[in-house]
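Chemist: Have a look at the structure that comes next, please.
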Amino acid sequence: CHLCPWILPVQPVELLMAGYNLGLYMFLIPVPASFIIMAPSLFIRHRSLNTEPKMGIPSDNGYTGNLRESLRGIDENPPEVFISPAPLRTGSSFVTYTDGRAGRILIHSEALNAFTEEEINSAVFKKYFEKRNGDALRFIYKVNFMVMLYVNALIILGSIVHFIHDQSFQLAVLLTLAAITFGFILSFQFIIRLMVYRKETVSDLATARVLGDFSGLKSYIVKSTDNYRVSPLVVGKRYERAINFQKKLAGKRIRYLEAVKQSI
């Protein structure tokens, strides 16, 4: 289309075709493209399920016993809990879990001084539900799937242009391509933040319901946010944005818990 030469670079089919006329076969390009985009999810899934966890550090009887006792009748074989001497480098997950089907819940030793026992127990339950429900894997699947839909939309619309001879219709398709591109770029960060919030609230609510007490979890959320550790590579305004996002996320999670508590 000579009317909008500035839009032509958004046609990824031209690069994939490498000068060859594939005809209708170009509509099959999304198949290998989808596999390539989803490959990281498949690799991470294989690694998270089949990694052999390190068992050199013995489990902590106190936290493990508390988890088993509280989950009696819900899960008769919950993961064990151990305390790791390794410090938390980035983030706010002072309590997390290891990969592998026999993975365990991990408490960084520094958490013992920064949080109360009630707060740590709340965090242990939260990570238990995240591990059991595969929240991290689901998050990665959703992100990969969203990117896959975006790329396939560009490929399919770019392929359709080759079969359109009406310049007005061709222009409409190219403008749609541009709208999808800019829309995806502008909304991607917002969508990711919304997905993070929903992922966190699912395990927050499950934890609060099992423990029957919201105070320990809310306190852990506040303290872990106050002790959030930003990557040393993040500086300047990016550092401020990272801190502000964590504070806003923590505030929304607490407000959600309070709203749920009032409705019970």
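In the numbering used here, the protein residues as written are 579 to 842.
Yeah, the Cβ is synthetic: ideal placement off N, Cα and C, and Gly gets one too.
Tell me which residues share the same chain as R831 and place their Cβ nearer than 8 angstroms to its Cβ, disregarding the 5 neighbours each side in the sequence.
Modeler: Y775, E778, T779, D782 and I799
Chemist: Could you please give me the residues that DSSP links to V659 through a beta bridge?
Modeler: I683
Chemist: What three-state label does DSSP hand Y798 in the structure shown?
Modeler: Helix, per DSSP.
Chemist: Please report the Cβ distance between L627 and R679, rounded to the nearest whole angstrom; I am assuming they are in contact, meaning their Cβ atoms lie under 8 angstroms.
Modeler: 6 angstroms
Chemist: At what residues does the beta strand (DSSP E) containing A675 begin and finish?
Modeler: The amino acid occupying residue 675 in the given sequence is Tyr; Ala does not appear at that position. That run of the beta strand (DSSP E) goes V673 to Y675.
Chemist: Is it true that the CB of V659 sits closer than 7 angstroms to the CB of T642?
Modeler: yes
Chemist: Which partner residues does S809 have in the DSSP bridge list?
Modeler: Looking at the DSSP assignment, S809 forms no beta bridge with any residue, so it has no partner.
Chemist: At which residues does the alpha helix (DSSP H) containing F707 begin and terminate?
Modeler: E695 to N711
Chemist: With a cut-off of 8 angstroms on the beta carbons, I'd call S700 and G794 a contact; round off their distance for me.
Modeler: 4 angstroms
Chemist: Can you list, in chain order, the residues of its chain whose CB lies under 7 angstroms from that of A714, leaving out five sequence neighbours each side?
Modeler: E708
Chemist: Do S612 and Y719 come within 7 angstroms of each other at the CB atom, strictly closer than that value?
Modeler: no
Chemist: Are L755 and L772 closer than 7 angstroms when you measure CB to CB?
Modeler: no
Chemist: Any heavy atom of the ligand HEM closer than 6 angstroms to the CB of A757?
Modeler: Inclusion of the ligand HEM in the displayed structure is not the case, the ligand content being empty and no account of it being possible.
Chemist: When you compare only the Cα positions, how much space is there between F762 and L732?
Modeler: 11 angstroms
Chemist: Using 7 angstroms as the threshold, is the C-beta distance between M726 and I821 below it?
Modeler: Not in contact: M726 and I821 (Cβ atoms no closer than 7 angstroms).
Chemist: Would you tell me roughly how many angstroms separate the C-alpha atoms of S746 and V609, rounded to the nearest one?
Modeler: 29 angstroms
Chemist: Can you give me the C-alpha to C-alpha distance between F792 and F760, rounded to a whole angstrom?
Modeler: F792 and F760 have their C-alpha atoms spaced approximately 41 angstroms apart.
Chemist: By the 10 Å Cβ neighbour count, where 16 or more other Cβ atoms means buried, how is V813 classified, buried or exposed?
Modeler: exposed
Chemist: Applying the 10 Å Cβ sphere with the 16-neighbour rule, what's the burial state of I607?
Modeler: By the Cβ-count criterion, I607 is buried, with 16 or more other Cβ atoms from all chains shown falling within 10 Å of its own Cβ.
Chemist: In the DSSP assignment, the alpha helix (DSSP H) including R819 goes from what residue to what residue?
Modeler: G814 to S841
Chemist: To the nearest whole angstrom, what separates the beta carbons of S670 and L684, a pair I think is in contact under 8 angstroms?
Modeler: About 14 angstroms separates the two Cβ atoms, so there is no contact after all.
Chemist: Along the chain, where does the alpha helix (DSSP H) that runs through R646 open and close?
Modeler: It spans N639 to S648 - the alpha helix (DSSP H) in which R646 sits, taken as one unbroken run.
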